[in-house]
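Worksheet for the structure shown next.
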Amino acid sequence: MTDHVELRTGVYVDSVSLMQVSRTAAAAPGVDAAQVAMATELNLEVLRGMGFDVPAASPNDLVVALRAADETGVATGRAAVDDALAALRSAGTSAGGFGDAPPPRTLGRAIDAVGANLALVSVPGRHAAVEAFDAIDRGVSVMLFSDNVDVDTEVLLKDAAADRGVLVMGPDCGTAVVGGVALGFANVVSPGRVGLVAASGTGAQQVMALLDAAGVGVSHCLGVGGRDLSSRVAGRSTRQALAALAADEGTDTIVVVSKPPAPEVLADLEAYAAGLGTQVHWATLGAGRPDLTTSVENVLAALGRSVPTWPVWDVPQQPVARGSLRGLFCGGTLADEAMLVAGEELGDGRGDIRSNIPLRPELAVGDDLRADGHVVLDFGDDGLTRGRAHPMIDPSLRLERIHTEATDAGCGVLLLDLVLGHGAHPDPAEELAEAVRSARASAAASGRDLPVVVSLTGTDGDPQGLTRCAEALRSAGAAVFLSNAAATRRAVSLLPTTEEA
Amino acid sequence: MAGHVDLHGLLTTDPVVATAGAGLLSDALRDQAVVVGEAQWQPPPDGSVDPLVRVMADRRRRDANALALQRMTAAGADLVDVRPAHEVLGLERGTFLHAGPPLEWERASGPMRGALIGAMLFEGMADTPEAAETALAASHVALEPCHHRDAVGPMAGVISPSMWLYELRDEVHDHTSWCSLNEGLGKVLRYGAYGPEVVDRLHWMNSVLGPLLQQAVRAAGPIDIKAIIAQMLQMGDEGHNRNRAGSLMLLRELLPSLITADGSSTDIAEAVRFSGANEHFFLNLGMPACKLSALAAEGIPGSTVVTTMARNGTDFGIRTAGTGDRWFTGPANTPEGLFLGSYGPDDANPDIGDSAITETAGIGGFAMAAAPAIVKFVGGDVPFALRTTRTMYDITVGEHTAYQVPILEFRGTPTAIDVTAVVRTGILPQINTGMAGRVAGTGQVGAGLVTPPAQCFTQALDALADALPTPAAG
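As given, the protein sequences belong to chains A and B, one line each in that order. Quick note: the first sequence, position 427, residue 459 per the working numbering, numbers continuous. Quick note: the second sequence, position 28, residue 29 per the working numbering, numbers continuous.
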């Protein structure tokens, strides 16, 4: 085995493109493993974890790490990396000659060039505010897909935006639908008269998918960022989004979707919404509050629509004798909801749920993300996406963890989510089904039955196809639910009824 | 928080989306048939991230920069007089002005030293170059940037008290600027030559050319220099290194009153021949016109617009609208381009001259697309000239209202360099320039292209961040 690590300075490529470069290089003949990434602390950690010897580097350096059978393999891999990087560049530069202007280098120039009325920022978090201010200055609303933007900057951005009469959707806003256009991660839903304000990307996707299954369409889904309903941000964007949707002639009913909000912020917003003259439903998660599925059912009841039987693609599953719940999520809100639902189902005394986004601080897992007992992890959390693409695009970290859980006798039931739609991996079900199949096989090889439950958020209009994905997962042995709450309940129902000593 | 509940119509118009970041997200939009403008984003230098965020967050910046651009493009530039420096600048004997940021003799480059020596000989303050050098080394002469007196000088830019200057007025903002008379090409003081022919020519300019031009300007003036710049850009000049059309137009304005001036016909003939033979006759009018434009943008709190770019042959210096008189300097780069005769890259001095005021005001390198023939002089090819102008829009606040580029559909030239945009993109202002010989006394060795050192802009950005008002509590 031959390792090759090199640093390249003055080259910046976004993490999504680099993931594609890594894949291309890894597929080259003789190459065993390939990682091409910006040299962020997280990525260097991943490389060290893979056993590479990594030199000191700055986050603006590009690191190329190859493991191959021999020197020929390394050379082949390097050539593959060079070709893939060159292909990215030539795709980005429009043809030369007299006709075409060089591509704009800042968001502001890009706005000027096409007369944009909306900006989408997905540069690394520490650089995101600069681009966002550029758009706000031009009187253009911003969807801030980037995460790792600090909360003080978020408040500055939102105040500046309010002054200019535009909206900051984000930071860490994965999902929005504006005028029928899906931005970031969003499902293809039919047009309708329900407007969403979403402090949660996957939460909003879950709500839209359930509404779609019930035959109810959506006018707009305005993301506001996961922290908007925190005490510090105090619902700045939610307030603007509520006012805009209330004033929108195409919207009759508003649903606010959020992770657990700060109580006083929620109370203020409820009071504000009461004066808008449009009915507002609050699908805000929290202990003792309805889960997202129940919230959607309440919205349907208020609209006078019947509640359908939520789709399930089931397989026979038997309770396990031992082991805990292991939930591996790409969607933060889906993970949140799973912990809330599972917590209620488990009741007191059957074990707390440890997490990297814990419901209570004392339930936090360490940096190794390992704990005995019930564990629910969010692979889309800031800490796991520095210099990496979101797991809905690059599922490798989670796939690795599924593999690990399969060989862990402490893992009783595996609960996974899969989110379809624009922006997500073009064919995520095949890879996940393969991981489920191999996890179940390796558990079986050590004498365990490993039930797998998948919460699948999507619509039949999605490019990946809801039914096709569900069938692929079912044929791998997983029980598949459209409702995340229902999936969680199934998973918990398979756990042993008494806690192990 | 009043107004615009509807987010400028966001929910009722079809989205047109500008993106910066992951290409996959742009592709997903294109798949939905959305018009997408994609920025080719690159990270700024590590140390500049924090000041960039702070300066970009400054609520004053947008309006301050818009005001800077408005003033720069509104500034007038009328040639009103020609007078000796000691009369107009209050330049006392024993003080010389020079190009670029402040400089001491010890750090002065060859051509700057040569020009200062020449000025000593011309002013009669030394009999020999050696004596001049000794006096200069002993600090018998005070050195001061031209810019500190609202004047500009090409290349070494040395102005001594006896030299005659063009005087230009911006009546809109009530500003005045000055520049020396152009000596022609070859062995000239501004390129650091100080031989007898150089000093003799300076004496002739003082005794014959200056007084004749004074009479001509007073009789014909005021002459609208800004209008000539606007026209010359449509005739293949860029106003820094190509001034052919501008020089002819200026001569056309001056000739009638020049030939009827009170002087001997021999002197008048020689003045006309000298001016007409000089392709850069106009440069010394274009520069102070640009200086007036830049002056109009000075002193705007919160503005990140560059108001000065100047080089003294050792350092490159810039100043900004939001940071007053403070210079931000770095070692001047050496231009790359084409060389005269047998000269080569080793003969070239680092970048020198106040003439980068033209780029500061939106012409010169920034208007290269208007002057494709320039590439025969400074190097590069025609697509490069077009690309250069188009790239400069990425680092400027807006477009000039009077200066236009025909081949770009008469688009205004990129004007008002924004420090934040330079640091964000890493794109440096493109300057067209002459090259002086590195050794004192050589003169011009070529012409070419050069950029400022990036550190001028990162330093300016840091200072702009430091100058931010303390945020109100809460």
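All C-beta atoms in this analysis are idealised placements derived from N, C-alpha and C, irrespective of residue type, glycine included. Treat the numbers as computed from the prediction; the structure is a model and nothing was measured.
What does the Cβ neighbour count give for residue i, buried or exposed, with the cut at 16 atoms within 10 Å?
| i | result |
| --- | --- |
| Asp380/A | exposed |
| Lys377/B | exposed |
| Gly303/B | buried |
| Pro470/B | exposed |
| Thr129/B | exposed |
| Glu103/A | exposed |
| Ser356/B | buried |
| Pro61/A | exposed |
| Met51/A | buried |
| Glu186/A | buried |
| Phe411/B | exposed |
| Arg63/B | buried |
| Gly125/B | exposed |
Check whether the Cβ atoms of residue i and residue j lie closer than 8 Å to each other.
| i | j | result |
| --- | --- | --- |
| Asp404/A | Gly363/A | no |
| Val210/A | Ser269/A | no |
| Asn219/A | Asp494/A | yes |
| Leu11/B | Leu462/B | no |
| Thr499/A | Asp449/A | no |
| Ala69/A | Ser90/A | no |
| Ala241/A | Leu514/A | yes |
| Phe217/A | Gln238/A | no |
| Leu293/B | His148/B | no |
| Ala66/A | Leu98/A | yes |
| Gly157/A | Val181/A | yes |
| Thr324/B | Ala448/B | no |
What residue does the alpha helix (DSSP H) around residue i start on, and which one ends it?
| i | result |
| --- | --- |
| Ser1/B | Within the shown structure, residues of chain B are numbered from 2 to 475, placing residue 1/B beyond reach of any answer. |
| Gln52/A | 47–58 |
| Val50/B | 50–57 |
| Trp328/B | Taken as a continuous stretch (DSSP letters only), Trp328/B belongs to no alpha helix (DSSP H), as it is neither H nor E. |
| Asp449/A | Counting along the chain, Asp449/A falls outside any alpha helix (DSSP H), though it belongs to the beta strand (DSSP E) covering 443–451. |
| Tyr304/A | 295–306 |
| Pro130/B | 130–138 |
Quick one: give me the first and last residue of the beta strand (DSSP E) that residue i is part of.
| i | result |
| --- | --- |
| Met175/A | 173–176 |
| Thr426/B | Not the beta strand (DSSP E): Thr426/B falls in the alpha helix (DSSP H), residues 420–426. |
| Asn433/B | 432–437 |
| Met70/A | 63–70 |
| Ser387/A | 385–387 |
| Leu94/A | 94–100 |
| Gly247/B | Counting along the chain, Gly247/B falls outside any beta strand (DSSP E), though it belongs to the alpha helix (DSSP H) covering 245–260. |
| Gly38/B | 37–40 |
| Met369/B | Note, Met369/B: premise wrong, no beta strand (DSSP E); not H, not E. |
Considering only residues of the same chain and omitting the five flanking positions on each side of residue i, which have a CB-CB separation below 7 Å?
| i | result |
| --- | --- |
| Ile375/B | Glu239, Asn242, Arg243, Met369, Ala386, Asn433 |
| Leu80/B | Tyr167, Leu169, Val218, Gly222, Pro223, Ile224, Ile226, Leu286 |
| Thr359/B | Gly240, His241, Gly287, Met288, Cys291, Gly365 |
| His401/B | Thr74, Gly363, Gly413, Thr414, Thr416 |
Excluding sequence positions up to five away, which residues of its chain have a Cβ less than 8 Å from the Cβ of residue i?
| i | result |
| --- | --- |
| Pro528/A | Pro351, Val352, Ala353, Arg354, Gly355, Gly444 |
| Leu117/B | Phe97, His99, Trp106, Ala109, Ala133, Leu137, Val142, Leu144, Ala157, Val159 |
| Asp7/B | Thr13 |
| Ile168/A | Val174, Leu189, Ala192, Ala193, Arg196, Val198, Val200 |
| Ser266/B | none |
Given residue i, which residues of its chain have a CB within under 6 Å of its CB, disregarding the five upstream and five downstream residues?
| i | result |
| --- | --- |
| Ala116/A | Val53, Thr56 |
| Val423/B | Ile396, Phe458 |
| Ala69/B | Ala298, Ile301, Ser304, Val306, Ala322, Ala417 |
| Ala533/A | The predicted position of Ala533/A is uncertain, since its pLDDT is 35 and thus under 50; a value taken from the coordinates is nonetheless stated next. So no residue of the chain qualifies. |
| Ala272/B | Leu210, Leu213 |
| Gln215/B | Val83 |
| Arg72/B | Ala297, Ala298 |
| Val106/A | Thr34, His36, Leu98, Ala100 |
Taking 7 Å as the cut-off, does the CB of residue i come closer than this to any heavy atom belonging to the ligand MG?
| i | result |
| --- | --- |
| Gly379/A | Absence of the ligand MG is noted for the structure shown, with no ligands found whatsoever. |
(message) Three or more C-beta pairs under 8 Å: does that hold for the region 410–426 of chain A against the region 324–333 of chain A?
(response) no
(request) Would you check if there are 3 or more beta carbon pairs closer than 8 Å linking the region 15–27 of chain B to the region 272–281 of chain A? (result) no
(message) Taking 8 Å as the cut-off, does the region 515–525 of chain A touch the region 478–487 of chain A (at least 3 CB pairs, one atom from each stretch)?
(response) yes
(request) Evaluate the contact criterion for the region 29–48 of chain B versus the region 169–189 of chain A: three or more CB pairs, one atom per stretch, below 8 Å. (result) no
(message) Quick check: the region 397–415 of chain A against the region 470–479 of chain A, are at least 3 beta-carbon pairs closer than 8 Å?
(response) no
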